[in-house]
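Novice:
Number of protein chains: 2
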Amino acid sequence: MSVPKLEDVAKLAQVSKTTVSRVLNRRGYLSKETIDKVNQAVKELNYHPNVVARQLYNNKTDLIGLLFPTVANPFFGELTANLEHYLYQKGYKVLIGNSINDPQKEADYLDQLLVKQVDGLIVGTHNQGISQYHNDNLPIVAIDRVMNQDIPIIASDNYAGGKLAVEHLLVQGARKIIHINGPQELATPAQKRRAAYEDVMHDHHLQPITYEVDFNISNTDKLKVFRQIFVEHPDVEAIFASNDLDAALIMQIARERRLRVPRDLLLVGYDGTQTVQSVWPQLTTVIQPIEFMAQKAVTVLQNRLHNQATQSEYLLPVQLHVGTTC
Amino acid sequence: MSVPKLEDVAKLAQVSKTTVSRVLNRRGYLSKETIDKVNQAVKELNYHPNVVARQLYNNKTDLIGLLFPTVANPFFGELTANLEHYLYQKGYKVLIGNSINDPQKEADYLDQLLVKQVDGLIVGTHNQGISQYHNDNLPIVAIDRVMNQDIPIIASDNYAGGKLAVEHLLVQGARKIIHINGPQELATPAQKRRAAYEDVMHDHHLQPITYEVDFNISNTDKLKVFRQIFVEHPDVEAIFASNDLDAALIMQIARERRLRVPRDLLLVGYDGTQTVQSVWPQLTTVIQPIEFMAQKAVTVLQNRLHNQATQSEYLLPVQLHVGTTC
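Chains as they are written, first to last, in UniProt numbering: chain A, 1 to 326; chain B, 1 to 326.
1. Give the residues of chain B in contact with G124 (chain A), contact being defined as C-beta atoms less than 7 Å apart.
2. Excluding the 5 residues flanking R304 (chain B) on each side, which residues of the same chain have their C-beta closer than 8 Å to its C-beta?
3. Rounded to whole angstroms, how far is the Cβ of V123 (chain B) from the Cβ of I96 (chain B), which I believe are closer than 8 Å?
4. Indicate the three-state DSSP secondary structure (helix, strand or coil) for I290 (chain A) in the structure shown.
5. What residue range does the beta strand (DSSP E) around Y211 (chain A) cover?
6. Please report the straight-line C-alpha distance between V200 (chain B) and L170 (chain B), rounded to a whole angstrom.
7. Could you give the uninterrupted runs of the beta strand (DSSP E) lying entirely in the region 275-324 of chain B, keeping only those of 3 residues or more?
8. Of the residues that make up the region 67-83 of chain B, which ones have a beta carbon closer than 7 Å to any beta carbon in chain A?
9. To the nearest whole angstrom, what separates the beta carbons of Y92 (chain B) and D62 (chain B), a pair I think is in contact under 8 Å?
10. Taking only three categories from DSSP, how would you classify M1 (chain A)?
11. Chain B beta carbons: is any one of them nearer than 8 Å to that of P139 (chain A)?
12. Could you give the first and the last residue of the continuous alpha helix (DSSP H) run that contains H218 (chain A)?
13. Is it the case that the Cβ atoms of Y270 (chain B) and R193 (chain B) are separated by a distance below 8 Å?
14. Considering just the uninterrupted stretch of the beta strand (DSSP E) at S156 (chain B), what are its terminal residues?
15. Please confirm whether N25 (chain B) has its beta-carbon closer than 8 Å to some beta-carbon of chain A.
16. What does K37 (chain B) touch in chain A if you count any residue whose Cβ is under 8 Å from its own?
17. Put G77 (chain B) into one of helix, strand or coil per three-state DSSP.
18. If you draw a straight line from the alpha carbon of F240 (chain A) to that of T324 (chain A), how long is it in whole angstroms?
19. Counting only beta-carbon separations shorter than 8 Å, does K93 (chain B) have a partner in chain A?
20. Please report whether the beta-carbon of M1 (chain A) lies at a distance below 8 Å from any beta-carbon of chain B.
21. Would you report the Cα separation of T34 (chain A) and P103 (chain B), rounded to the nearest angstrom?
22. If contact means a Cβ-Cβ distance below 8 Å, which residues of the region 230-251 of chain A contact chain B?
23. Step through the CB atoms of chain A and report whether any lies within less than 8 Å of the CB of I217 (chain B).
24. So that I know if they touch, is there some Cβ in chain B lying closer than 8 Å to that of K224 (chain A)?
25. Mind listing which residues of the region 248-276 of chain B have their C-beta closer than 9 Å to chain A's C-betas, in chain order?
26. Less than 8 Å between the beta carbons of T293 (chain A) and I177 (chain A), yes or no?
27. Using 10 angstroms around the beta-carbon of M1 (chain B), count the other beta-carbons present and answer buried if the total reaches 16, otherwise exposed.
28. Would E96 (chain A) pass as an interface residue toward chain B - the criterion being a Cβ-Cβ separation below 8 Å?
29. Kindly list, in the order they appear in chain A, the residues whose Cβ is closer than 9 Å to that of S21 (chain B).
30. Does the Cβ of T125 (chain A) have 16 or more other Cβ atoms within 10 Å, making it buried, or fewer, making it exposed?
31. State buried or exposed for P317 (chain A), treating a residue as buried only when at least 16 other CB atoms are found within 10 Å of its CB.
32. Just verifying my parser: in three-state terms, what is the DSSP assignment at A190 (chain B)?
33. Taking only beta-carbon positions, decide if Y88 (chain B) is within less than 8 Å of chain A.
34. Taking K105 (chain A) as the query, report the chain B residues whose CB atoms sit under 9 Å from its CB, ordered along the chain.
35. Who are the neighbours of P281 (chain B) on chain A, taking C-beta pairs under 8 Å?
36. Please look up how many angstroms separate the CB atoms of R257 (chain B) and F226 (chain B), rounded, as I've assumed it's under 8 Å.
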């Protein structure tokens, strides 16, 4: 038996194809009798409506695209898992694009939005200068990323997080504290961690020293930069890393140099994912509210899709997890 | 100005809508003159073809669904990142579904395949008895999961991995070795790690003891089960955990009980993701070839989509990473 088609349903129910389509999409006025006849025929034939045809008819796909550097990173993995959870509750399915190091790929995924394959996007990529973002009023929400004036940003309170980390290091007695962050020209909310670090250091008449590493480079290349810290500043007492995986690389170098943490070196990370907390609970780190950020992003995107007003920024609270590295 | 439509292109190019559609989808014979006229009009109007209309016309969406328990788990996060990479290279985009603990959600995602929203699926979920899998000849590939006879499985060599782990523990002098794995009634290739453990133990005239925990339960519930190991077997010398996150929980209990690893307890994990290797390089573990598994799954799925013959199982090699926990 061949796969039943819309016209088979129409024939059996003795109505037009348009009527079948209207029943399946719940559009326009239809008598109860017509609805029952069509549903009966659908059941009898075991007809599966082609969802793509329905998408075309309704001019929406109920798909949301998520653009992040890579779900291999536990922060983006946990964020994506939470976003998928909340979007699924709202009736959306999720298309993912991992655009690490690849602006062309990011642009390609953005085109999916423009050609209506997805209804909206949630974006947290690190690439810059993608021209598609300059269209106004796109149903886009950014997480931890500045796109253009028009696109709302969901972020945790990076300034407060940076302040918590540095003040904790100061309380533990550290004075020569070095910070690691992404390149300053990349306008991300995470730069506020650096601003907080520099402000707190200045308040205490201490010299801030920040090393910049591109998030997208390999661990091998990051290790090269991080080893320089210990060569150029052999008297470093503490490091505040802008993410937990960078803190893990610092730990690796500390082992190489036989520095004991926390005796010889204090260390604070950032992100506090469940994976890293579970595998390395000793790490003192700033915990981002990943689940809450996902929930908020989905709510704001829905407002955007329904043309409701949204704020330009939503700041969510962070907390310090005190382990044994500081 | 309103968004240009297909009929605007047809009007400007002075051809029929069908002709425009055939040019855009590269279907049927068309003169160079017609193609040029249409492309010129598309350019002039800045027309974006509706991809959903094209999907309907071509009866394919170029979307592949990935069904895994959760990308919050680093093994599935890294697997998904690699699958997305290879699928993107072949012109596919990726729809994800995280079905942890939720057979209904898994069934819902499978329906997406049956209603043609996705062209194929790569599945590694843990739920059982989903009736949709009983359709024959679906374009599905399983990773580390037994579905039905008809669906090819990509797995790393779990038997060899289990053997490597247990033999290493024996060489280190352990005799009372306990294993943790998923429920035996769940027919997963990972059960072969248990089979290898039991075979090697029997070969050495030792008693195998396996604790079963459901992958989907919370860490709190897992900890309850794992604490029982130490109550019921206070003389345990070594634990072979079936994944690295479970090994991290064992480590947590060892700290609670002031057992030093490896002096008082030997520990071997499984999976060897980059995240865990980076954050906890001391863990001795069996490394699954995640990138290679992803690459193979994409190739086999493509064969399946093109109705080419596939093997029922593909076994990929594992390796032991020796850290300091054993």
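The C-beta atom is built at its ideal place from N, Cα and C for all residues, glycine as well.
On a predicted model such as this, the values are computed, not experimentally measured, just so you know.
Specialist: Considering the structure as presented:
1. Residue 124 (chain A) sits at position 124 when you count from the first residue of the first sequence. Contact of G124 (chain A) with chain B by beta-carbon distance below 7 Å is absent, the smallest such distance being about 14 Å.
2. Within the second sequence, residue 304 (chain B) is the residue found at index 304, counting from 1. The answer, listed in chain order, is G120, P139, I140, V141, P152 and T310.
3. The residue labelled residue 123 (chain B) in the question sits at position 123 within the second sequence. The residue labelled residue 96 (chain B) in the question sits at position 96 within the second sequence. Taking a contact as a CB-CB distance under 8 Å, the pair V123 (chain B) and I96 (chain B) does not count as one, their CB atoms being some 12 Å apart.
4. Here residue 290 (chain A) corresponds to residue number 290 of the first sequence, with the count starting at 1. Helix.
5. The count along the first sequence starts at 1 and reaches residue 211 (chain A) at position 211. Where Y211 (chain A) is concerned, the enclosing beta strand (DSSP E) stretches over I209 to E212.
6. For this step, residue 200 (chain B) is matched to residue 200 along the second sequence. For this step, residue 170 (chain B) is matched to residue 170 along the second sequence. Rounded to whole angstroms, V200 (chain B) to L170 (chain B) spans 9 Å at the Cα level.
7. Segments of the beta strand (DSSP E) lying fully in the region 275-324 of chain B: 284-287, 313-316 and 319-321.
8. Here the close residues are T70, V71, A72, P74, G77, E78, T80 and A81.
9. For the purposes of this step, residue 92 (chain B) is taken as residue 92 along the second sequence, with counting starting at 1. For the purposes of this step, residue 62 (chain B) is taken as residue 62 along the second sequence, with counting starting at 1. That pair is a contact at about 5 Å.
10. For the purposes of this step, residue 1 (chain A) is identified with residue 1 of the first sequence, where counting begins at 1. Low local confidence applies: a pLDDT of 42 at M1 (chain A) is under 50, so the model's placement there is unreliable, with the coordinate-based value given in what follows. Shown here, M1 (chain A) sits in coil according to DSSP, grouped into three states, outside any helix or strand.
11. Here the question's residue 139 (chain A) lines up with position 139 in the first sequence. Not one chain B Cβ lies under 8 Å of P139 (chain A).
12. Your numbering for residue 218 (chain A) matches position 218 in the first sequence. Sequence inspection shows Ser at residue 218 (chain A); the His mentioned does not correspond to that position. Here S218 (chain A) belongs to no alpha helix (DSSP H), and DSSP marks it neither H nor E.
13. Residue 270 (chain B) sits at position 270 when you count from the first residue of the second sequence. Residue 193 (chain B) sits at position 193 when you count from the first residue of the second sequence. Yes.
14. Working through the second sequence from its first residue, we reach residue 156 (chain B) at position 156. Following the DSSP letters along the chain, one finds S156 (chain B) inside the beta strand (DSSP E) bounded by residues I153 to S156.
15. By 1-based counting over the second sequence, the position of residue 25 (chain B) is 25. No, no contact with chain A.
16. Taking the second sequence and counting its residues from 1, one reaches residue 37 (chain B) at position 37. Neighbours of K37 (chain B) on chain A: none; closest Cβ ~22 Å, over 8 Å.
17. Taking the first residue of the second sequence as 1, we reach residue 77 (chain B) at position 77. Reduced to three states, the DSSP call for G77 (chain B) is helix.
18. As a first step, residue 240 (chain A) is located in the first sequence; it is residue number 240 there, counting from the start. As a first step, residue 324 (chain A) is located in the first sequence; it is residue number 324 there, counting from the start. In a straight line, the C-alpha of F240 (chain A) is about 14 Å away from that of T324 (chain A).
19. As a working note, residue 93 (chain B) is residue 93 in the second sequence. At a cut-off of 8 Å between beta carbons, K93 (chain B) contacts chain A.
20. Taking the first sequence and counting its residues from 1, the one referred to as residue 1 (chain A) is at position 1. With a pLDDT of 42 at M1 (chain A), under the threshold of 50, the predicted position of this residue should be treated as unreliable, though the coordinate-derived value follows. No, its Cβ sits nowhere closer than 8 Å to a Cβ of chain B.
21. Locating residue 34 (chain A) in the first sequence gives position 34, counting from the first residue. Locating residue 103 (chain B) in the second sequence gives position 103, counting from the first residue. The C-alpha of T34 (chain A) lies about 34 Å from the C-alpha of P103 (chain B).
22. Within the region 230-251 of chain A, the residues whose Cβ lies closer than 8 Å to some Cβ of chain B are D244, L245, A248 and L249, listed in chain order.
23. As a working mapping, residue 217 (chain B) is identified with position 217 in the second sequence. Cβ-Cβ to chain A under 8 Å: no for I217 (chain B).
24. The sequence position of residue 224 (chain A) within the first sequence is 224, counting from 1. Output row for K224 (chain A): interface = no.
25. Here the close residues are A248, L249, M251, Q252, R255, T273, Q274, T275 and V276.
26. Translated into the one-based positions of the first sequence, residue 293 (chain A) becomes position 293. Translated into the one-based positions of the first sequence, residue 177 (chain A) becomes position 177. The question names Thr, but residue 293 (chain A) is Met in the sequence shown. In this structure, M293 (chain A) lies away from I177 (chain A), with their beta-carbon atoms at least 8 Å apart.
27. Within the second sequence, numbered from 1, the residue matching residue 1 (chain B) stands at position 1. Reliability fails at M1 (chain B), whose pLDDT of 42 lies under 50, so the model's placement of it is uncertain and the value that follows must be treated cautiously. Exposed, because fewer than 16 other Cβ atoms sit within 10 Å of the Cβ of M1 (chain B).
28. Here residue 96 (chain A) corresponds to residue number 96 of the first sequence, with the count starting at 1. Sequence inspection shows Ile at residue 96 (chain A); the Glu mentioned does not correspond to that position. At least one beta carbon of chain B lies nearer than 8 Å to the beta carbon of I96 (chain A).
29. Counting from 1 along the second sequence, the entry for residue 21 (chain B) is found at position 21. Correct list: empty, because the minimum Cβ distance to chain A is about 13 Å.
30. One-based indexing of the first sequence puts residue 125 (chain A) at position 125. That one is buried.
31. Position 317 of the first sequence, counted from the start, is the residue given in the question as residue 317 (chain A). Flag for P317 (chain A) reads exposed.
32. As a position in the second sequence, residue 190 (chain B) is number 190, starting the count at 1. Residue state, collapsed to three classes: coil.
33. By one-based count along the second sequence, residue 88 (chain B) stands at place 88. Judged by the 8 Å Cβ criterion, Y88 (chain B) is in contact with chain A.
34. Within the first sequence, numbered from 1, the residue matching residue 105 (chain A) stands at position 105. Neighbours of K105 (chain A) across chain B, judged by C-beta separation under 9 Å: Y88.
35. Looking up residue 281 (chain B) in the second sequence gives position 281. The answer, in chain order, is Q252.
36. The residue given as residue 257 (chain B) occupies position 257 in the second sequence. The residue given as residue 226 (chain B) occupies position 226 in the second sequence. Under the criterion of beta carbons closer than 8 Å, R257 (chain B) and F226 (chain B) do not qualify as touching, at roughly 11 Å.
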